[in-house]
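Asker:
Numbering (UniProt numbering), first residue to last: 1 to 77.
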């Protein structure tokens, strides 16, 4: 095993942020996958991503997706 030596100080990356540090942003990058979509599909994808961020959800249920779709104005014929 590789043990830290006296010359290699231990860096605790789990420490809470210090006052004055820049804010931490989520590592998620939803928009990278939306570039090749049609305008309507992009609108839906962005609405879903916004919902996920607003509600702190990584995955959504079909009921939540239906709520987003109807919120965009789509109706069943």
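Glycine included, each C-beta is placed from N, C-alpha and C at the ideal position.
Bear in mind the structure is a predicted one, so any value in this text is a computation, not a measurement.
Kindly indicate the opening and closing residues of the alpha helix (DSSP H) around residue 7.
Answerer: Taken as a continuous stretch (DSSP letters only), residue 7 belongs to no alpha helix (DSSP H), as it is neither H nor E.
Asker: Is the stretch 34-48 in contact with the stretch 66-73, if contact means three or more CB pairs nearer than 8 Å?
Answerer: Inter-segment contact for the stretch 34-48 and the stretch 66-73 is present: three or more beta-carbon pairs are separated by less than 8 Å.
Asker: Below 8 Å on the Cβ atoms is my contact criterion, and I expect residue 47 with residue 60 to pass it. Report the Cβ-Cβ distance as a whole number of Å.
Answerer: Their Cβ separation, rounded to whole angstroms, is 11 Å, which puts residue 47 and residue 60 out of contact at 8 Å.
Asker: Could you spell out the range, first to last residue, of the alpha helix (DSSP H) harbouring residue 49?
Answerer: From DSSP, the alpha helix (DSSP H) with residue 49 extends over 39-55.
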